[in-house]
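The sequence shown begins at 20 in this note's numbering and counts up by one.
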Amino acid sequence: NVPIRILAIESSCDETATAVVENGRKLIANVVSTQIEIHKQYGGVFPEVASRQHVLAISTVIEETIRKAHMSVKDFDAIAVTRGPGLAGSLVVGVNAAKGLALATGLPLIGVNHLEGHIYSAWLYPQEEQEIPPVPEFPAVILLVSGGHSEIILMKSHLQYERLGGTLDDAAGEAFDKVARLIGLSYPGGPSIQKAAVLGDPKKFNFPRSRLEGTWDFSFSGLKTAVLRMVRQLEKESGELPVADLAASFQASVVDVLFEKTMMAARKYQAKSVVIAGGVSANQALRDAFKAQKEFSLFIPRLMFCTDNAAMVGAAAYQRFLLNRWDDFDMDVMPTWPL
Ligand code: KG4
Ligand code: ZN
Numbered sequence: 020n021v022p023i024r025i026l027a028i029e030s031s032c033d034e035t036a037t038a039v040v041e042n043g044r045k046l047i048a049n050v051v052s053t054q055i056e057i058h059k060q061y062g063g064v065f066p067e068v069a070s071r072q073h074v075l076a077i078s079t080v081i082e083e084t085i086r087k088a089h090m091s092v093k094d095f096d097a098i099a100v101t102r103g104p105g106l107a108g109s110l111v112v113g114v115n116a117a118k119g120l121a122l123a124t125g126l127p128l129i130g131v132n133h134l135e136g137h138i139y140s141a142w143l144y145p146q147e148e149q150e151i152p153p154v155p156e157f158p159a160v161i162l163l164v165s166g167g168h169s170e171i172i173l174m175k176s177h178l179q180y181e182r183l184g185g186t187l188d189d190a191a192g193e194a195f196d197k198v199a200r201l202i203g204l205s206y207p208g209g210p211s212i213q214k215a216a217v218l219g220d221p222k223k224f225n226f227p228r229s230r231l232e233g234t235w236d237f238s239f240s241g242l243k244t245a246v247l248r249m250v251r252q253l254e255k256e257s258g259e260l261p262v263a264d265l266a267a268s269f270q271a272s273v274v275d276v277l278f279e280k281t282m283m284a285a286r287k288y289q290a291k292s293v294v295i296a297g298g299v300s301a302n303q304a305l306r307d308a309f310k311a312q313k314e315f316s317l318f319i320p321r322l323m324f325c326t327d328n329a330a331m332v333g334a335a336a337y338q339r340f341l342l343n344r345w346d347d348f349d350m351d352v353m354p355t356w357p358l
């Protein structure tokens, strides 16, 4: 029972991150270098700027992680990296760094799907944890909500997914980001809206809840348009925006739809557990909604594992490692890569 330790790299969007994860669960070291401050001025991620920032940061981030893990490169069992989906120019930086490390050490190279990483973030726990937390039981219904994706997934066993549905337009995180901009809040929108919403009335504006009955799909563009109309009307009427109420009412609409649909899917597929993951699963209102139900055993990643990080990549890579699913050195990035 020798522990398997994987060095993982993530660079699909605007975080340069590396981590060391033991047996797919235990976090040994974790470093995330975020570019958020740089992208704020553009109101979103500027792809070319992002890849160049990854180039600047990646070596330092890797070195720092290895130092924090008190290990040397040859002590790892595999090198894992996010291969996609994400920004091509950003993915390339992580993938090439991983290839370099694998080539130098002779260790297996494992390409990981970023979405799979988000799912496996629910398996992670910090090294300091006194008691080892339980893992989700299968079948699990997963709500995966990030800046690029909003999906409901049925996970039947490790690495086996059936996509039940997903967004037809904006991802949930994208809706947060766009609505934040509409009401004058800064990027990334999710945390800004959450913060503003604390002082707001979620019932002040009755924004639409698009339920798309009979499907497991989502749509957030109608909600976004409804907020836009309200903003224009309010600006005409008073010139001043009740930002907190707008934020709270918008957030309530998103949370209601995400929560209700996930619960319906969990009932329909007789899930043994419900998992929520991805950047939007950091949202306190969403977490509270799920925590309040007692029907299903719930797995929510710790906050540090919700938004992009490399630990989740190491967790997913471990499952591939166990099946000898390694990649060759001609592994290319996959900017679009469904689960
Ligand atoms: O998973 P992630 O870091 O990157 C992607 O894979 O997209 O997710 C980023 C998204 C952003 O849209 C951000 O606004 C959203 O997650 N987000 C939140 C919160 N924290 C991050 N949305 C709502 N509430 C939050 N607290
Ligand atoms: Zn992500």
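Even for Gly, the Cβ is constructed at its ideal location relative to N, Cα and C.
Distance cut-off 7 Å: residue i Cβ against heavy atoms of the ligand NAP
| i | result |
| --- | --- |
| SER300 | Inclusion of the ligand NAP in the displayed structure is not the case, the ligand content consisting of the ligand KG4 and the ligand ZN alone. |
Three-state class that DSSP yields for residue i in the structure shown
| i | result |
| --- | --- |
| GLU29 | strand |
| ALA285 | helix |
| GLY62 | coil |
| ASN42 | coil |
| VAL160 | strand |
| PHE226 | coil |
| PHE324 | helix |
| GLY333 | helix |
| GLY233 | coil |
| ASN115 | helix |
| LEU361 | As shown, the chain starts at 20 and ends at 358. That puts residue 361 outside it, with no answer to give. |
| GLY209 | helix |
| MET353 | coil |
Whether residue i touches residue j by CB criterion (8 Å)
| i | j | result |
| --- | --- | --- |
| HIS133 | THR101 | yes |
| LEU46 | VAL92 | no |
| ARG44 | PHE95 | no |
| ASP196 | GLY208 | yes |
| PRO104 | THR355 | yes |
| GLY113 | GLU170 | no |
| VAL164 | VAL293 | no |
| GLN16 | ILE57 | Here the chain comprises residues numbered 20 to 358, so residue 16 is not present and cannot be evaluated. |
| THR281 | LEU162 | yes |
| GLY108 | MET350 | no |
| LEU204 | SER211 | yes |
| GLY166 | GLU193 | yes |
| ALA36 | VAL74 | no |
| LEU106 | SER70 | yes |
| MET90 | VAL39 | yes |
| VAL198 | LYS243 | yes |
Near the ligand ZN: residue i beta-carbon under 7 Å from a heavy atom
| i | result |
| --- | --- |
| GLY333 | no |
| SER165 | yes |
| HIS73 | no |
| ASP327 | yes |
| HIS133 | yes |
| GLY297 | yes |
Close Cβ partners of residue i (< 6 Å) along its chain, the five nearest in sequence each way excluded
| i | result |
| --- | --- |
| VAL274 | ALA304, LEU305 and ALA308 |
| LYS87 | ALA48 |
| GLU83 | VAL50 |
| ALA334 | VAL40, GLY43, TYR139, TRP142 and LEU143 |
| GLU135 | ALA335 |
Cutoff 7 Å; reference residue i; Cβ partners in own chain excluding five residues on either side
| i | result |
| --- | --- |
| GLY62 | ARG200 and TYR206 |
| PHE324 | SER140, LEU143, ALA330 and MET331 |
One or two residues paired with residue i in a DSSP bridge
| i | result |
| --- | --- |
| SER52 | THR35 |
| GLN179 | SER176 |
| LEU317 | VAL293 |
| ARG24 | GLU41 |
| PRO145 | LEU46 |
| ALA97 | ILE25 |
| LEU128 | ILE98 and ASP346 |
| GLU170 | LEU163 and GLY185 |
| GLY103 | ASN132 |
Residue i Cβ short of 7 Å to the ligand KG4 heavy atom set
| i | result |
| --- | --- |
| ASP196 | yes |
| HIS89 | no |
| GLY209 | yes |
| GLY136 | no |
| GLU314 | no |
| GLN54 | no |
| GLU170 | no |
| GLY192 | yes |
| GLN289 | no |
| GLN213 | yes |
8 Å CB neighbourhood of residue i in its chain, flanking five on each side removed
| i | result |
| --- | --- |
| ALA123 | VAL92 |
| PHE348 | LYS118, ALA121, LEU122 and LEU128 |
| ASN370 | Outside the modelled stretch of the chain, which goes from 20 to 358, sits residue 370, for which no answer is possible. |
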